[in-house]
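**Q**
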Amino acid sequence: MAEDSILEIFNRHVKRNGVFKNRDALSPHYIPSNLPYREEQVKELSETVAPILSGRKPENVFIYGKTGTGKTVVTRYVLKRLGEFAKEREIPVNTVYINCRIHNTRSSVFIKIGRELLPDDNFLGLSTAYIYERILGKVREADIRLMVVLDEIDKLKGISETVYALNRANDELEKGSISIIGISNVLTLKDSLDPRTKSTLCQREMIFPPYNAEGLRKILEDRAKEGFREGAVSDGAIALAAAYAARQSGDARYALQLLLRAGDIAEEEGASAVTEEHVEKAKERVEEDIILEMIEALPEQEQILLLAMAKLVLAKKGQKTLGSGEVVITSGEAYEAYSKLARELGKDPVSDRWFREYISELAMYGILNVVQAGKGFRGNTRIIKLLFSPVKIADVLQRVLVA
Ligand SMILES: Nc1ncnc2c1ncn2[C@@H]1O[C@H](COP(=O)(O)OP(=O)(O)OP(=O)(O)O)[C@@H](O)[C@H]1O
Ligand SMILES: [Mg+2]
Numbered sequence: 120m121a122e123d124s125i126l127e128i129f130n131r132h133v134k135r136n137g138v139f140k141n142r143d144a145l146s147p148h149y150i151p152s153n154l155p156y157r158e159e160q161v162k163e164l165s166e167t168v169a170p171i172l173s174g175r176k177p178e179n180v181f182i183y184g185k186t187g188t189g190k191t192v193v194t195r196y197v198l199k200r201l202g203e204f205a206k207e208r209e210i211p212v213n214t215v216y217i218n219c220r221i222h223n224t225r226s227s228v229f230i231k232i233g234r235e236l237l238p239d240d241n242f243l244g245l246s247t248a249y250i251y252e253r254i255l256g257k258v259r260e261a262d263i264r265l266m267v268v269l270d271e272i273d274k275l276k277g278i279s280e281t282v283y284a285l286n287r288a289n290d291e292l293e294k295g296s297i298s299i300i301g302i303s304n305v306l307t308l309k310d311s312l313d314p315r316t317k318s319t320l321c322q323r324e325m326i327f328p329p330y331n332a333e334g335l336r337k338i339l340e341d342r343a344k345e346g347f348r349e350g351a352v353s354d355g356a357i358a359l360a361a362a363y364a365a366r367q368s369g370d371a372r373y374a375l376q377l378l379l380r381a382g383d384i385a386e387e388e389g390a391s392a393v394t395e396e397h398v399e400k401a402k403e404r405v406e407e408d409i410i411l412e413m414i415e416a417l418p419e420q421e422q423i424l425l426l427a428m429a430k431l432v433l434a435k436k437g438q439k440t441l442g443s444g445e446v447v448i449t450s451g452e453a454y455e456a457y458s459k460l461a462r463e464l465g466k467d468p469v470s471d472r473w474f475r476e477y478i479s480e481l482a483m484y485g486i487l488n489v490v491q492a493g494k495g496f497r498g499n500t501r502i503i504k505l506l507f508s509p510v511k512i513a514d515v516l517q518r519v520l521v522a
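Sequential numbering of the sequence shown, starting at 120, is according to the numbering used here.
1) Please name the residue or residues paired with L292 in a DSSP beta bridge.
2) Hey, how far is the Cα of G233 from the Cα of N304?
3) If you run the structure through DSSP and keep just helix, strand and coil, what is L145?
4) With distance defined between alpha-carbon atoms, name the residue in Q422, G334, G369, G350 nearest to K140.
5) Please determine whether the Cβ atom of E271 lies at a distance below 8 Å from any heavy atom of ligand 1.
6) Under the criterion of a Cβ to heavy atom distance below 8 Å, does K300 qualify as lining ligand 2?
7) Do you know offhand how far L308's Cα is from D273's?
8) Pull up the DSSP beta-bridge partners for K504, would you.
9) Pull up the distance between the alpha-carbon of K430 and that of R380, whole angstroms please.
10) Which residue comes first and which comes last in the alpha helix (DSSP H) that contains Y156?
11) If you draw a straight line from the C-alpha of V192 to the C-alpha of Y149, how long is it?
12) Below 8 Å, how does it come out for the stretch 388-398 and the stretch 342-357: are there three or more Cβ pairs, yes or no?
13) If the criterion is Cβ atoms closer than 9 Å, does the pair P147 and R372 meet it?
14) With a cut-off of 8 Å on the beta carbons, I'd call R323 and T167 a contact; round off their distance for me.
15) In its own chain, which residues sit with a C-beta less than 7 Å from the C-beta of N289, not counting the 5 before and 5 after it?
16) Beta carbon of L375: closer than 8 Å to some heavy atom of ligand 1?
17) The alpha helix (DSSP H) spanning E452 covers which residue range?
18) Along the beta strand (DSSP E) that carries T307, what are the first and last residues, could you check?
19) Please classify L441 as buried or exposed, where buried requires at least 16 other C-beta atoms within 10 Å of its C-beta.
20) May I ask you to check if the CB of N223 is nearer than 8 Å to at least one heavy atom of ligand 3?
21) Can we say the stretch 351-366 touches the stretch 224-232, given the rule of at least three CB pairs closer than 8 Å?
22) Please classify Y330: does DSSP put it in a helix, a strand, or coil?
23) Using a Cβ-based criterion (distance less than 8 Å to any ligand heavy atom), does K190 qualify as near ligand 2?
24) Would you say the beta carbon of A381 is closer than 8 Å to some non-hydrogen atom of ligand 1?
25) Hey, is G346 close to ligand 1, as in C-beta under 8 Å from one of its heavy atoms?
26) State yes or no: is the C-beta of F327 nearer than 8 Å to some heavy atom of ligand 1?
27) Return the residue from the list R404, R501, I414, P468 that minimises the CA-CA distance to E452.
28) Could you say if the stretch 210-219 and the stretch 188-202 meet the contact criterion of at least three C-beta pairs nearer than 8 Å?
29) Are there any heavy atoms of ligand 2 lying less than 8 Å away from the beta-carbon of N153, as far as the coordinates show?
30) Quick check: what's the CA-CA separation for E178 versus I357?
31) According to DSSP, N218 sits in a beta bridge with which residue or residues?
32) With distances taken from CA atoms, which of G493, L424, I486, G485 is nearest D471?
33) Quick check: what's the CA-CA separation for G485 versus T186?
34) Relative to the C-alpha of L339, which candidate in P328, I326, G355, M325 has its C-alpha closest?
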């Protein structure tokens with residue numbers, strides 16, 4: 120390789136006039152300094168948790184609203200402020216944020232709380248009851264007022280037991296307290312809870328409405344100020360991203376992802392500002408990102424099934440040297456490939472009945488579709504078609520399952 124081309128590669132990376140000032144400010148984990156169109160929710164949640172500062176136990180709160188309506192960010196924002204305020208005044212407030220998609224059992228919730236309160240202890244291999252006692256002991260001893268956030272609580276197995284145990288602690292504590300903030304985007308969750316859990320968790324309820332295009336535009340404008348150089352995003356680009364996200368049921372996450380991706384594309388193209396065209400191009404990438412993220416979050420058996428399908432499609436495509444006919448996969452072939460791969464990965468394949476169940480679930484998500492095979496096939500053979508790039512599916516799932 121000529122020295123010139125190496126220089127060119129290195130030069131592209133020191134290029135200082137890209138569009139971003141702080142790309143992180145557009146990432147999902149960033150907590151911005153203000154939250155437009157959520158002022159009321161910030162105020163209400165602050166009022167709800169504030170009694171903790173005078174030693175009273177805040178009511179438990181249940182927050183719900185569609186995806187991307189700011190539930191997580193508002194909660195983190197308020198608790199961050201609460202933590203800072205309490206720390207300055209040496210009030211023993213502790214907040215533990217738990218994402219139940221990751222910590223999805225009662226015992227892993229308790230381990231997470233235990234680790235935050237007692238960072239020097241090792242909880243591995245201990246019984247849940249013992250960890251619970253250790254947590255209570257610490258709360259009592261240091262008179263801790265604890266706020267536990269159970270985000271995406273719908274993913275928690277054993278919601279009732281967890282909520283019950285955390286709440287019961289208050290009866291056993293002479294000093295200190297534990298309050299719960301439960302968050303979910305599953306609107307039917309509340310009604311699926313048993314009456315006792317429901318009344319405990321929903322002492323207070325907050326509903327986050329979806330954003331409209333105007334709200335999304337303001338959110339993007341503010342985040343763009345933190346993330347992009349001055350003048351590096353056109354108003355048209357922001358308005359367009361907001362309009363697209365408004366159509367996606369007012370999802371601010373989608374709006375931000377669009378803007379972030381549009382920025383990446385602008386940088387790749389060496390443009391000095393993000394335009395509507397970049398947003399258009401970003402749309403495709405974001406939609407792909409969303410599907411890949413969803414695939415990454417699927418249950419393991421469904422992932423194995425999908426990976427087997429993707430490999431089968433790729434193998435069949437490789438065999439096709441003539442004609443442009445589509446790759447046809449029958450349910451029988453798919454089941455066989457899935458069972459084989461499951462065994463290779465050291466898992467027991469599920470029965471045919473469950474396999475069908477998984478196939479319909481994946482079809483519901485729009486990752487594949489199923490049609491009854493016509494003439495020339497046996498009885499109730501079905502044809503399964505992947506609707507998303509097998510190469511990309513295989514890429515992600517190899518990493519998740521095999522690596
Ligand atoms: N009012 C706002 N101002 C600035 N950024 C916001 C606002 N509302 C949401 N966001 C941003 O949009 C993204 C999605 O918000 P958030 O994660 O809080 O959604 P959510 O309601 O928790 O969604 P889900 O139910 O999918 O978890 C985050 O990056 C967040 O920072
Ligand atoms: Mg959330």
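All residues carry an ideal CB built from backbone N, CA and C; glycine is no exception.
Computed from a predicted structure; not experimentally measured.
**A** To lay it out plainly:
1) Beta-bridge pairing links L292 to no other residue.
2) 27 Å
3) helix
4) G350
5) yes
6) The amino acid at residue 300 is misidentified as Lys; the sequence shows Ile. No, ligand 2 has no heavy atom inside 8 Å of this Cβ.
7) 7 Å
8) N488
9) 29 Å
10) No alpha helix (DSSP H) contains Y156, which DSSP labels as neither H nor E.
11) 8 Å
12) yes
13) yes
14) 6 Å
15) K176, S296, I297
16) yes
17) 450-463
18) Neither: T307 is in no beta strand (DSSP E) and is coded neither H nor E.
19) In this prediction, L441 scores a pLDDT of 48, lower than 50, which makes its location untrustworthy; the coordinate-derived value is nonetheless stated afterwards. So L441 ends up on the exposed side.
20) Looking at this structure, you won't find ligand 3 anywhere; what it does contain is ligand 1 and ligand 2.
21) no
22) coil
23) yes
24) no
25) no
26) yes
27) R501
28) yes
29) no
30) 39 Å
31) D270
32) L424
33) 18 Å
34) G355
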